[in-house]
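Protein chains in written order, with our numbering: chain A, 1 to 225; chain B, 226 to 844. Ideal Cβ placement from N, Cα and C applies to all residues, glycine included.
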Amino acid sequence: MVKIDTIFFTIVDRGKANAVLRKARECGATSGTILLGEGTVQSKLLDFLGLTETRKEILLIPASDELDTNLHDQISQSFNLSKKNKGIAFSIPFQRRTLNNSSQEHNISIDDERFNHCCIFTIVEKGRGMDCIKAARAAGARGGTLIHGHGAGVPVDSYFHLAIEPQKDTVLIVTRKEKAVPIKMRIYNDLELNKPGNGIIFTLPVSRTSGLFEDKAEDRKGGTS
Amino acid sequence: MSSLIDKVKEVAKTLIPVVVLVLIICFTIVDVGTDVLFRFLVGSVLLLIGLTIFLWGVDMAMNPIGEYMSKEVATSKSPVKIAVLGFLLGFLITVAEPDLLILGNQIEEASGGTLSSFLIVYMVSIGVGAMVTLGIFRLLRDRPLNRFMAVTYGIILILGLLVSQEFLAIAFDSSGATTGALTTPFVLALSLGLSNVKGGKYAEENSFGLVGIMSTGPILAVMLLSIISGQKNIHGDAGEYIFQKGVIGPILEAVPHIFIESLVALLPITILFFIYNITKFKIKKSEMVQIIKGLIFSLLGLVIFLTAVNCGFMDMGRIIGMELAQMSSSLLIGIGFVLGLIVVLVEPAVHVLGSQIEEVTGGYIPINLIRMTLSLGVGTAIALSMVRIVVPEVKLWYFILPGFALAVFLSFKSNPVFVGIAYDAGGVASGPMTATFVLALAQGAATVIDTANVLVDGFGVIAMVATAPVLSIMALGTIFERRKVVELKHSAEETGSVADMPIAVSDFNHDCLIAIVNRGYAGYVVDLAREAGATGATVFHGRGGTDHPTVILPIVNIELMPEKELICLITDIDKSENVADFILKDTELVEKGEVAVYISPTFALIKDFSSDETSTATV
C-alpha cells in the first residue's frame with residue numbers, strides 16, 4: 001500500500017480539523033487522527049484575567065514523502081497558514097512498523113542537516129504544562145500547544161483499589177534547531193525534571209514546516225528531501 | 226484578545242436567536258410597551274456579559290475544585306469517609322440553592338402551612354446528599370448507570386402512583402430547582418474528576434450521569450414527604466403579579482438581593498474547599514490565586530446573569546404568554562415550541578456540558594448535534610406544556626411517567642456514553658432561563674385561560690423541560706449505537722506495508738513509539754508494551770477517520786468519526802522494535818483495535834529511575 005515515512009501534524013483552531021482532514025483526503029491521505037489541545041496567547045491583560053488558553057485541534061496524518069509535500073502545499077494554501085494565527089503544520093519523520101517489515105536501522109537522524117527545525121515534547125504532571133511553556137518562552141520559544149492525556153495506571157491504597165491514571169499535560173513546541181538546546185535545558189531545570197516523577201522531555205526531528213512565524217525569512221527553507 | 230472574543234461570540238451565537246425572535250414577536254404580534262422592551266434589550270446585553278464571565282469563572286474555579294474534591298473522595302481509605310464526604314457535598318450545594326428556598330415557600334403557602342419550607346429544603350437536601358453518595362459509589366464500583374437509573378425510576382414510578390397529581394408536579398419541579406446555575410457545573414466537574422481519577426475502560430461513560438442521579442434525590446424526597454405527611458392536595462392561587470416600571474430602576478433594585486443569593490449559594494462549597502485546602506491539599510499559591518479569581522468571576526458573572534434574566538426576561542415572557550393565550554391557542558403552542566428550541570441554548574449549564582462532552586470524547590460526539598437534540602426536546606416539552614394549559618384534560622403524568630419509562634428502556638439500547646449525558650441533560654436544561662423566562666411565559670398564559678390554574682400548571686413546566694431532553698438524547702444515543710454497529714461491519718482491514726528503508730546509522734538512545742488504536746484498547750496496548758519491556762506510556766483521546774466508508778448521520782449531515790486512542794511510548798532503541806512487534810503480533814488488537822504503530826528516533830533527556838513510578842522512564 002502506501003509507504004509511510006512521515007507523520008504530518010497540523011495545529012488549527014477547534015472545529016477546523018474536520019475540514020483540514022477532508023482536504024487532506026482529497027489530496028490522497030487515507031487516515032488521520034484528531035486530538036484536542038490548547039494553544040497559548042500572549043497578552044498581559046488576558047494573562048491577568050486568567051484567560052490564557054485558546055482551544056486547538058491537533059491533526060495527525062501518516063503520509064509518504066510525496067503526499068507530505070503535497071499536503072503542505074495544499075493545506076497551507078486552503079487554510080491560509082501563511083497568515084498569522086491561522087495554524088501551523090509540520091512533519092516528523094516516522095516509520096510505520098509492520099510485522100513483515102523488519103529493517104533494523106533508521107534512516108532518520110535528528111542531526112540531519114536537511115532538518116532545520118525540531119519538535120520538543122515535554123510530558124509533565126497535569127497543571128504544570130503552562131509552567132513548561134513559560135520556561136520555554138523565557139528561553140526563546142514562541143509558544144506551545146498543550147494536550148491533555150493520562151499516564152498508565154498506578155495502583156493506590158484506597159478502599160476501592162483504584163489504579164489511578166495520573167493526568168498528564170503534554171507540551172509540543174516546534175522551534176529552530178539551534179534554539180532547541182537552550183529551551184530544553186531551561187525546561188529541564190525549571191521544572192526539575194531530574195527528580196523522579198516530574199516528567200520527561202524528548203525531541204523529534206521536523207522535516208518541514210508551514211505557517212511557523214519564528215523566523216519567517218528562513219521558514220520555507222525546511223527541506224523536503 | 227482573540228480568545229476573549231471567541232468566548233463572547235460563543236455566548237452571543239446562542240443569545241441572538243432569542244433576542245431576534247422576541248423582537249419579531251414584539252413588533253408583529255404583541256405590543257409589550259416600551260419599558261419592558263427596553264429592559265429586555267438592556268437585559269440581553271447584560272446577559273451576554275454575565276454569562277461570558279460566569280462560564281469563564283466556572284472554567285477557572287469550579288473545575289479545579291471539583292477535581293481536587295473528587296480526588297479526595299476517590300482515594301479515601303474507608304467507605305464511611307467516602308459516604309460522609311459525598312453526602313456533605315450533595316447536601317451543602319443544595320441547601321444553599323436560592324431556587325429551592327423559593328420553591329419551599331411556594332409549597333408552604335400552597336399547602337396551607339402543613340409543610341413548612343424549612344422541612345422541604347432540608348428533606349430535599351438530604352435527598353440530594355443521599356443520591357450523590359450512591360452515585361459516587363456507583364461510579365467507583367463501575368456499576369452500569371442504566372441499571373442504576375432503572376431501579377431509581379422504578380421506585381419513583383411506584384411512588385408516583387401513590388401521590389397526587391399536584392405533588393407529582395412539585396416533586397419533579399423541585400428536582401429542577403436543585404439543579405441551579407452553580408450546582409450543575411460543580412457536579413459535572415465532580416463527576417468528571419472522579420472518572421478521571423478512577424480511569425479505566427469506562428472512564429468516558431463515568432464522566433456523566435451524576436447530575437442525573439442527583440436530580441432524582443428531590444423527587445424521592447418530596448414524594449416521600451407527601452406520603453408520610455398525608456398531604457395530598459395543594460390549593461390557593463398565585464398572588465397578583467405586578468409588572469415593574471422603568472428600565473434601569475428595577476435592574477438596580479434587584480442587584481443587592483441577587484448578589485446575596487448568589488453569594489450564599491457559592492459559599493458552602495468554597496468554605497469546604499478552603500478547609501480541605503488548609504488541612505489536606507495545600508495547593509500552590511499561584512494556582513490558588515487562579516481559583517480565587519475564578520470564584521470571583523463566577524460570582525460576578527452569576528449576579529449579572531441572574532439580574533439580566535430576572536429583570537429583562539421575566540416580564541417579557543409573562544406579557545407574551547398572556548397576549549398569545551388571548552389570541553389563539555395554536556399560536557401559543559407554536560411560539561412556545563420555537564422559544565423552547567432556542568432558549569435552552571442560553572442556559573449556562575448547557576455550555577458547560579457541551580465543553581465537557583467535547584473534552585471527554587475527544588470531539589467524537591459533535592456538540593452541535595447534542596445541542597440540536599436538546600433544543601428539539603425542550604421545544605417539544607414547552608409546546609406540550611402549552612397544550613396542557615390550553616386543554617385541561619391533558620395531565621402532566623401522561624407525559625412524565627411514560628416518558629421516563631421509555632427513557633429507561635432506551636438506556637439499555639443506547640450508546641453508554643449517551644446514557645449519562647441524557648440523564649444529565651434533564652438537570653442541565655432546567656436552569657435559570659427555564660425557571661424565569663419560560664415559566665413566566667407559561668404562567669402568563671395560565672392567568673388568561675380560565676380553565677388553567679396558575680400554580681398547578683406552572684409547576685409542571687420545569688418537570689416537562691427536565692424530562693424531554695432525557696428522552697431525546699437517549700434516542701440520539703440509540704441512533705449512534707446502531708450506526709456504530711453498521712460501521713464495524715464496513716470497516717476495512719487496515720494493512721499497511723512499508724517499503725524497505727535505506728539503512729543509516731542511528732546515534733540515538735531512544736525511540737518514540739506512537740500507536741493509534743480504537744478506543745478502549747489503550748490499556749491493553751500499555752500492558753503489552755510493558756510485558757515487552759517498555760516501562761510506561763502516555764495516552765491521549767482523540768477521534769480519527771480511516772479510509773473505510775465514513776458514517777454520516779442522515780438529515781443533519783454530520784460525519785461521525787470513530788474514537789481513537791493515541792499511545793506515546795519512549796523506549797530504549799534496542800527494545801523499541803520488540804515492543805512494536807509484540808503489539809502487532811496480537812491478533813485481537815490488530816483486528817478489533819485496528820492498531821497502527823509508528824517509530825521515530827528521538828533524543829530524550831530522561832534520567833534513569835529504576836524505581837520510577839510514573840508513566841515514563843527507561844533503563
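Item: Three-state class that DSSP yields for B:G337 in the structure shown; Value: coil
Item: Contact check, B:T404 vs B:S655, beta carbons under 8 Å; Value: yes
Item: Nearest-angstrom Cα separation, counted from B:T495 out to B:C536; Value: 28 Å
Item: Segments of 4+ residues assigned as alpha helix (DSSP H) that fall wholly inside the region 621 to 701 of chain B; Value: 622 to 636, 641 to 654, 664 to 673
Item: CA-to-CA distance, B:L564 to B:V236, given in whole angstroms; Value: 17 Å
Item: Simplified DSSP state of B:V236, which is helix, strand or coil; Value: helix
Item: B:E292 (DSSP reduced to helix, strand or coil); Value: helix
Item: At least three beta-carbon pairs within less than 8 Å, the region 640 to 651 of chain B to the region 431 to 447 of chain B; Value: yes
Item: Best match in B:V245, B:I560, B:E333, B:D682 for proximity to B:W622 [C-alpha to C-alpha]; Value: B:D682
Item: Selected residue, minimal CA-CA separation from B:V820, among B:G769, B:K800, B:S301, B:L524; Value: B:G769
Item: Extent of the continuous beta strand (DSSP E) to which A:D13 belongs; Value: 6 to 13
Item: Cross-chain neighbours of A:E165 in chain B, by beta carbon under 7 Å; Value: G424
Item: Residue range of the beta strand (DSSP E) that includes A:G87; Value: Element bounds for A:G87: n/a, residue is neither H nor E.
Item: Residue span of the alpha helix (DSSP H) that contains B:V447, given as start and end; Value: 435 to 454
Item: Alpha helix (DSSP H) segments (min. 4 residues) lying fully within the region 260 to 304 of chain B; Value: 288 to 299
Item: Cβ neighbours of B:L271 in the same chain (closer than 6 Å, five flanking residues each side left out); Value: I529, A533
Item: Cross-chain neighbours of B:T827 in chain A, by beta carbon under 7 Å; Value: F202, T203, L204
Item: B:N371, enclosing alpha helix (DSSP H) - first and last residue; Value: 370 to 387
Item: C-beta atoms of A:L60 and A:T33 nearer than 8 Å; Value: yes
Item: Any chain A beta carbon closer than 8 Å to B:A757; Value: no
Item: Nearest-angstrom Cα separation, counted from A:S78 out to B:K238; Value: 26 Å
Item: 8 Å Cβ cutoff met for A:L36 and B:G745; Value: no
Item: Per-residue DSSP class, three states only, for B:G818; Value: coil
Item: Nearest to A:L193 (by Cα), restricted to the options A:F121, A:R25, A:G140; Value: A:F121
Item: Unbroken beta strand (DSSP E) run spanning B:E788, endpoints; Value: 788 to 797
Item: B:T441 beta carbon less than 8 Å from that of B:S389; Value: no
Item: Bounding residues of the beta strand (DSSP E) (the contiguous stretch that carries B:N743); Value: 735 to 743
Item: Whole-angstrom distance between B:M541 and B:V255, CA atom to CA atom; Value: 10 Å
Item: Option nearest B:I795 by Cα separation, candidates B:G767, B:K638, B:E486, B:V822; Value: B:V822
Item: Close-in-space but distant-in-sequence residues of the same chain around B:M726 (CB under 6 Å, 5 per side omitted); Value: Caution applies to B:M726, whose pLDDT of 32 falls short of 50 and renders its modelled position unreliable; the model cannot decide the point.
Item: Per-residue contacts from B:R363 into chain A (C-beta, under 7 Å); Value: In chain order: nothing, as chain A lies at least about 12 Å away.
Item: Cutoff 7 Å; reference A:R128; Cβ partners in own chain excluding five residues on either side; Value: D169, L191
Item: B:P323 versus B:F316 - alpha carbon distance; Value: 14 Å
Item: A:E125: first and last residue of the uninterrupted beta strand (DSSP E) it sits in; Value: 117 to 125
Item: A:T170 - DSSP class collapsed to helix/strand/coil; Value: strand
Item: B:G474 (DSSP reduced to helix, strand or coil); Value: helix
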